[in-house]
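Residue numbers for the sequence shown follow my numbering, beginning at 153 and rising by one. Glycine included, each C-beta is placed from N, C-alpha and C at the ideal position. Computed from a predicted structure; not experimentally measured.
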Amino acid sequence: MKGIVIYYSYSGNTSKVASFISNYLGVESIEIKTKENIFSDENIIKQSQKLIKNGFEPQLEKNSYNLSDYDFIVLGCPVWWFTCAPAIVSFLKNNDFTNKIIYPFSTTGSWKGHIFQDIEKYALNSIVKKGLYLNFSNGEFMGSKQEVQDWLDKIKLDMKIF
Ligand SMILES: Cc1cc2nc3c(=O)[nH]c(=O)nc-3n(C[C@H](O)[C@H](O)[C@H](O)COP(=O)(O)O)c2cc1C
C-alpha cells in the first residue's frame, strides 16, 4: 500500500498537522495551492461565506504527483463555513478517486460542520475512512494528542494489512 498526505492550508494549521502526519507515517506530503489568491476582500469571513454559498471551485496549481501511483490518501482540509475549503472541493471533483482509500482529517475552530460527509459526496467511488477533527485556537492545537496518535496507528496498521 502506497500512501500520500495531500492538504490545503490557508493559515498554516493544516500544514503543521500534515507535516507531522507525513513524518509519522513516512510518506510524502503535497500541498494543494490555488492558482490565484482566493480573497479580494479584506473581510475574508464575509467573502468566504458568499463564495461557499455560490459553490465556488477555484482553479488549482498543477502538481507533479500522479494520484494513480497511490492506494491511500490522508487528506487534510480546514473547515470553512461548516464544509470543505473550496480548494479541496476543486481537488476532489477534478480527480479520479475510484477505489482510493481516503483518511480525512480536518482542522477547525469550534464549529465542525459536516466535512467528512462532504468529502464522501465529492470523492466519487472512493472509500472514506473514519476522519479526525483537530480543534485549533489561535494557531494552537487544543485537542488530544493521544487521539491523533491512535488515529495514525490505525492507518499504519491498515498500511501493513492491505
Ligand atoms: C474563511 C474561513 C471560514 C471558516 N469557517 C469555519 C467554520 O465554519 N467552523 C470552524 O470551526 N472553523 C472555521 N474556520 C476556522 C478554520 O477552520 C481553522 O482555523 C483551521 O484550522 C484553519 O486551517 P488552516 O490554518 O490550515 O487554513 C474558518 C476559517 C476561515 C479562514
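Its chain contains G228, F257, T259, L286 as the residues whose beta carbon lies nearer than 7 angstroms to that of V169, once the 5 sequence neighbours on both sides are disregarded; these appear in chain order. Distance check between K198 and each of E292, W233, I267, L276 places W233 closest, using alpha-carbon atoms only. Those residues that bring their Cβ nearer than 5 angstroms to a heavy atom of ligand 1 are S161, Y162, S163, G164, N165, T166, S200, P230, V231, W232, W233, F234, T259, T260, G261, W263, F288. Out of S163, I173, E213, G164, the CA that lies nearest to the CA of V157 is found in I173. For P210, no alpha helix (DSSP H) segment is defined, and its DSSP state is neither H nor E. When the alpha-carbon of E213 is set against those of S171, S242, S192, the nearest one is in S242.
Shortest Cα-Cα distance from K282 to any of V231, V179, F268 involves F268.
The beta-bridge partner set that DSSP reports for I182 consists of I158. For W303, the uninterrupted alpha helix (DSSP H) run begins and ends at 297 to 313, by DSSP.
A direct Cα-Cα distance of roughly 22 angstroms separates Q201 from N246. In this structure K264 is in contact with V231, their Cβ atoms being roughly 6 angstroms apart against a cut-off of 8 angstroms. The alpha-carbon separation between F224 and V280 amounts to approximately 10 angstroms.
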